[in-house]
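Before any comments, here is the structure.
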Amino acid sequence: MVSTHMPLQRPAVDDVAQGRRPASRRRWPRWAPAVLFLAPAVAILAVFRVLPFVYAGYYSLTRWDGIDPAVFIGADNYARLLSDPVALEALRNTGLLVLTLPLWIFLPMAIAILVHEGMWLGRAIRLALVIPILLSPAIIGLYFSLVLRLDGPVNEVLRAIGLGGLATEWLAEPHTVMPAFLVIALWGALGLGTLFYGAGLASLDDELYEAAAIDGASTLQRVRHVTMPHLRPVAVFWSLFVLISFFTAMFPLLFTLTSGGPGHRSTTIDLYIYQAAFENFDFGYSAALGTSVLLLVAVLAIIQLRLMARGDDA
Numbered sequence: 006m007v008s009t010h011m012p013l014q015r016p017a018v019d020d021v022a023q024g025r026r027p028a029s030r031r032r033w034p035r036w037a038p039a040v041l042f043l044a045p046a047v048a049i050l051a052v053f054r055v056l057p058f059v060y061a062g063y064y065s066l067t068r069w070d071g072i073d074p075a076v077f078i079g080a081d082n083y084a085r086l087l088s089d090p091v092a093l094e095a096l097r098n099t100g101l102l103v104l105t106l107p108l109w110i111f112l113p114m115a116i117a118i119l120v121h122e123g124m125w126l127g128r129a130i131r132l133a134l135v136i137p138i139l140l141s142p143a144i145i146g147l148y149f150s151l152v153l154r155l156d157g158p159v160n161e162v163l164r165a166i167g168l169g170g171l172a173t174e175w176l177a178e179p180h181t182v183m184p185a186f187l188v189i190a191l192w193g194a195l196g197l198g199t200l201f202y203g204a205g206l207a208s209l210d211d212e213l214y215e216a217a218a219i220d221g222a223s224t225l226q227r228v229r230h231v232t233m234p235h236l237r238p239v240a241v242f243w244s245l246f247v248l249i250s251f252f253t254a255m256f257p258l259l260f261t262l263t264s265g266g267p268g269h270r271s272t273t274i275d276l277y278i279y280q281a282a283f284e285n286f287d288f289g290y291s292a293a294l295g296t297s298v299l300l301l302v303a304v305l306a307i308i309q310l311r312l313m314a315r316g317d318d319a
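The sequence shown begins at 6 in the working numbering and counts up by one.
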């Protein structure tokens, strides 16, 4: 009689013995865990970064006061931007800041190099560099709005040394408000820029300095041919950071310092975006301003990166 019993099979035991997982446990591809870990971050980024840009682009084509339903008006807001004197003045003021970009790049670099070279800097100077890092721009604006008043400490010092004729309302005069704002904003960013350059110098190999000294290089030659080339990546990052800040981060300082006055002589484009939305309740026009600034900053950043890349190739 032929036996009908089938031999026992032990695929699971053999798989375990050979270090393989059963087929039922090998359904997920290897990249699945990475997707699962990244999905929450991507979702948050999409909700809080991507969607606002999409909504801004949509509302820039509408007339909307934030309460009534939005009315589609096409590109009228963009056409209005080209003929709006306040917007043009805000762009002009922002452009003046852009023209001072070399000062924002090289002044903190020079201070960081002086510190790295062991040159003496008094405690007062070091403290003046650290304070703006610890304070918010709004606090800095409130402080200088009091210091630069007609009866403030700056004018009192001028009167005490016989220069009372120079005393003025620094933040209320059309010809002094932008220079005063520039000095305050530059001081507010000086400590952070010096910190970035200092971090770059901390990674500089001392052997390069030793080799330069053996070759007979002076201090200035060492700074020019060793230190500054090493700081070039930091300078690229810092310059882009400052350039973007000119268009997007002047608001808290200006809002507490001058609110854009006198008139609109100190209004920058990011402050005007706020004023159009939350003072004039013209959210559609504000969205058009913001979208235009986004495109402008992107173009300027690309141009700047290409110019610096061309300098590296040369």
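Idealized CB from N, CA, C, for every residue including glycine.
From LEU153, ASP70, TRP192 and ALA165, residue whose alpha carbon lies closest to that of THR173: For the purposes of this step, residue 173 is taken as residue 168 along the sequence shown, with counting starting at 1. It is LEU153.
To the nearest angstrom, how far is the alpha carbon of THR67 from that of ASP211? Locating residue 67 in the sequence shown gives position 62, counting from the first residue. Locating residue 211 in the sequence shown gives position 206, counting from the first residue. Near 59 Å, if we compare the C-alpha coordinates of ASP211 and THR67.
Are the Cβ atoms of LEU262 and GLY79 separated by less than 7 Å? What you label residue 262 is simply residue 257 of the sequence shown in a count that begins at 1. What you label residue 79 is simply residue 74 of the sequence shown in a count that begins at 1. No, the pair does not count as a contact, with Cβ atoms beyond the cut-off.
Using a Cβ distance threshold of 8 Å, determine whether the region 106-117 contacts the region 183-201, with at least three qualifying pairs required. Enough Cβ pairs lie closer than 8 Å, so yes.
Using CA coordinates, which residue listed in PRO267, ARG164, VAL103 and LEU213 is at the minimum distance from LEU305? Taking the first residue of the sequence shown as position 1, residue 305 is located at position 300. Considering only PRO267, ARG164, VAL103 and LEU213, the residue with the shortest C-alpha distance to LEU305 is VAL103.
Contact defined as beta carbons within less than 8 Å: I believe SER271 pairs with MET183. What is the distance between those atoms, to the nearest angstrom? For the purposes of this step, residue 271 is identified with residue 266 of the sequence shown, where counting begins at 1. For the purposes of this step, residue 183 is identified with residue 178 of the sequence shown, where counting begins at 1. Correct: roughly 6 Å between the Cβ atoms.
Could you compute how far the alpha carbon of PHE77 sits from the alpha carbon of ALA293? Here residue 77 corresponds to residue number 72 of the sequence shown, with the count starting at 1. Here residue 293 corresponds to residue number 288 of the sequence shown, with the count starting at 1. When rounded, the distance between both Cα atoms is 13 Å.
Sequence-distant residues of its chain with Cβ nearer than 6 Å to GLY268 (five each side left out): The sequence position of residue 268 within the sequence shown is 263, counting from 1. Excluding sequence neighbours, GLY268 sits near nothing in its chain.
Quick check on THR99: does DSSP put it in helix, strand or coil? Against the sequence shown, residue 99 aligns to sequence position 94. Helix at THR99.
Residue from THR296, LEU245 and ASP70 with nearest C-alpha to LEU312: The sequence position of residue 312 within the sequence shown is 307, counting from 1. When only C-alpha atoms are compared, the closest one is LEU245.
Which residue wins for smallest C-alpha separation from ALA75, given the options ALA51, TYR64, ALA282 and TYR83? The residue given as residue 75 occupies position 70 in the sequence shown. Checking every option, the nearest Cα to that of ALA75 belongs to TYR64.
Is TRP36 buried or exposed, if buried means 16 or more other CB atoms sit within 10 Å of its CB? Locating residue 36 in the sequence shown gives position 31, counting from the first residue. By the 10 Å Cβ count, TRP36 comes out exposed.
For a minimum of 4 consecutive residues, which ranges assigned as the alpha helix (DSSP H) are wholly contained in the region 190-239? 211-219 and 224-227
When the Cα atoms are used, what is the spatial distance from TYR60 to ALA129? To locate residue 60, count along the sequence shown from 1; it is residue 55. To locate residue 129, count along the sequence shown from 1; it is residue 124. Roughly 48 Å separates the two Cα atoms.
Quick one: what does DSSP say ARG68 is sitting in, helix, strand or coil? The sequence position of residue 68 within the sequence shown is 63, counting from 1. In the three-state scheme derived from DSSP, where H, G and I count as helix and E and B as strand, ARG68 is classed as strand.
Just how far apart, CA to CA, sit GLU178 and GLY289? Reading the sequence shown from its first residue, position 173 is the one you call residue 178. Reading the sequence shown from its first residue, position 284 is the one you call residue 289. The alpha-carbon atoms of GLU178 and GLY289 are separated by roughly 32 Å.
Since THR99 and PHE251 should fall inside the 8 Å C-beta cutoff, what is the C-beta to C-beta distance between them, to a whole number of angstroms? Here residue 99 corresponds to residue number 94 of the sequence shown, with the count starting at 1. Here residue 251 corresponds to residue number 246 of the sequence shown, with the count starting at 1. THR99 to PHE251, Cβ: 6 Å. Contact.
Select from TRP69, ALA194, LEU132 and PRO90 the residue whose C-alpha is nearest the C-alpha of LEU248. Taking the first residue of the sequence shown as position 1, residue 248 is located at position 243. If we check each option's Cα against that of LEU248, ALA194 comes out closest.
Residues of its chain near PRO203, where Cβ-Cβ distance is below 8 Å and the 5 sequence neighbours each way are ignored: Your numbering for residue 203 matches position 198 in the sequence shown. At residue 203 the sequence reads Gly, which differs from the Pro that was named. If we look at GLY203 and ignore the five residues flanking it on each side, its Cβ neighbours are ALA117, VAL120 and HIS121.
VAL298 to ILE274, Cα distance in whole Å? What you label residue 298 is simply residue 293 of the sequence shown in a count that begins at 1. What you label residue 274 is simply residue 269 of the sequence shown in a count that begins at 1. Approximately 8 Å between the Cα atoms of the pair.
Which residue from LEU41, ALA314 and LEU132 puts its Cα closest to that of PHE242? Walking along the sequence shown from the start, residue 242 turns up at place 237. Comparing Cα-Cα distances from PHE242 to each of LEU41, ALA314 and LEU132, the minimum goes to ALA314.
How would you write the range of the alpha helix (DSSP H) that HIS121 sits in, first residue to last? Stepping through the sequence shown from its first residue, residue 121 is reached at position 116. Per DSSP, HIS121 belongs to the alpha helix (DSSP H) from 106-121.
Alpha carbon to alpha carbon, what distance is there between LEU151 and ILE144? Against the sequence shown, residue 144 aligns to sequence position 139. Against the sequence shown, residue 151 aligns to sequence position 146. Each residue's Cα considered, the two are about 11 Å apart.
Which residues DSSP lists as bridging PHE77, in chain order: Taking the first residue of the sequence shown as 1, we reach residue 77 at position 72. THR67, per the DSSP bridge assignment.
Apart from the five residues just before and just after MET6, which ones in its own chain have a Cβ nearer than 6 Å to its Cβ? The residue labelled residue 6 in the question sits at position 1 within the sequence shown. Only weak support is given to the placement of MET6: the predicted model assigns it a pLDDT of 48, under 50, and the value that follows is read from those uncertain coordinates. Closer than 6 Å at Cβ, skipping near neighbours: no residue.
Among ILE308, ASN285, PRO57 and ILE49, which residue has its Cα nearest to the Cα of ASP70? As a position in the sequence shown, residue 70 is number 65, starting the count at 1. Comparing Cα-Cα distances from ASP70 to each of ILE308, ASN285, PRO57 and ILE49, the minimum goes to ASN285.
Just verifying my parser: in three-state terms, what is the DSSP assignment at GLU174? Counting from 1 along the sequence shown, the entry for residue 174 is found at position 169. Three-state DSSP puts GLU174 in coil, outside helix and strand.
Host alpha helix (DSSP H) of PHE42 (start-end): As a first step, residue 42 is located in the sequence shown; it is residue number 37 there, counting from the start. Residue range 37-50 is occupied by the alpha helix (DSSP H) that includes PHE42.
Pairwise C-alpha distance: SER291 and TYR279: Translated into positions along the sequence shown, residue 279 becomes position 274. Translated into positions along the sequence shown, residue 291 becomes position 286. About 7 Å.
Just to confirm my understanding: we take THR224, look at its own chain, exclude 5 residues before and 5 after, and list those with CB closer than 8 Å. What are they? Translated into the one-based positions of the sequence shown, residue 224 becomes position 219. Here the set comprises GLU122.
So for ASN160, helix, strand or coil by DSSP? In the sequence shown, counting from the first residue as 1, residue 160 sits at position 155. Assignment of ASN160 by DSSP, reduced to helix, strand and coil, places it in the helix class.
Local Cβ density within 10 Å of ALA207, reported as buried at 16 or more and exposed below that: For this step, residue 207 is matched to residue 202 along the sequence shown. Under this definition ALA207 is an exposed residue.
Where THR253 sits in the DSSP three-state scheme: Reading the sequence shown from its first residue, position 248 is the one you call residue 253. Residue state, collapsed to three classes: helix.
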